[in-house]
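Single-structure report; data block below.
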């Protein structure tokens with residue numbers, strides 16, 4: 837499954853903040869934030885700002901995982917925000933609908949996950965997403 841990546845003309849911090857706001861507005865919870873760049877710095881290495889947000893809603897994910905247990909490998913959802921050269925950001929996620937359908941999740945239910953991820957990723961572009 838090839839990731840979908842949106843490129844924003846906005847900087848990393850702006851994109852990250854907009855995504856966090858969009859997650860909250862969607863009624864979702866951020867369960868964890870993995871800061872890969874900080875981990876690199878703590879180990880004497882460097883890399884551009886790179887974060888993974890792990891988010892979801894147990895009221896939506898739990899019934900899905902109960903009915904199709906292998907979906908738990910990809911839930912909660914994850915979104916990557918990374919810094920690009922030129923003070924821009926990229927926002928990426930794995931589309932899940934096709935895989936979830938193969939695991940027995942009904943088409944419309946599976947498609948909801950891709951739609952939610954797309955909406956949140958596009959929020960990170962603020963006004964310009966490519």
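Residue numbers (the numbering used here): 837 to 966.
Note that the Cβ used here is the ideal one computed from N, Cα and C, for glycine as well.
Alpha-carbon to alpha-carbon, residue j and residue i
i: residue 850; j: residue 960; result: 7 Å
i: residue 922; j: residue 954; result: 24 Å
i: residue 885; j: residue 874; result: 8 Å
i: residue 946; j: residue 914; result: 16 Å
i: residue 842; j: residue 853; result: 16 Å
i: residue 930; j: residue 879; result: 28 Å
i: residue 818; j: residue 916; result: The structure shown has nothing for residue 818, since the chain only spans 837 to 966.
Identity of the residues DSSP links to residue i by a beta bridge
i: residue 859; result: The partner list for residue 859 (beta bridge, DSSP) is empty, contrary to what the question assumes.
i: residue 850; result: Looking at the DSSP assignment, residue 850 forms no beta bridge with any residue, so it has no partner.
Residue i - containing beta strand (DSSP E), residue span
i: residue 897; result: Where residue 897 is concerned, there is no enclosing beta strand (DSSP E), although the alpha helix (DSSP H) it sits in stretches over 894-903.
i: residue 842; result: 840-844
i: residue 871; result: 865-871
i: residue 881; result: It is not in any beta strand (DSSP E) - residue 881 carries neither H nor E in the DSSP assignment.
i: residue 908; result: Segment: none, residue 908 is in no beta strand (DSSP E) and carries neither H nor E.
Residue i - containing alpha helix (DSSP H), residue span
i: residue 934; result: 933-938
i: residue 952; result: 943-959
Same chain, Cβ closer than 7 Å to residue i, neighbours up to 5 away in sequence not counted
i: residue 901; result: 907, 908 and 911
i: residue 788; result: The chain is shown from 837 up to 966; residue 788 falls before or after that span and cannot be answered.
i: residue 868; result: 890
Nearest-angstrom Cβ-Cβ length linking residue i and residue j, presumed shorter than 8 Å
i: residue 859; j: residue 956; result: 6 Å
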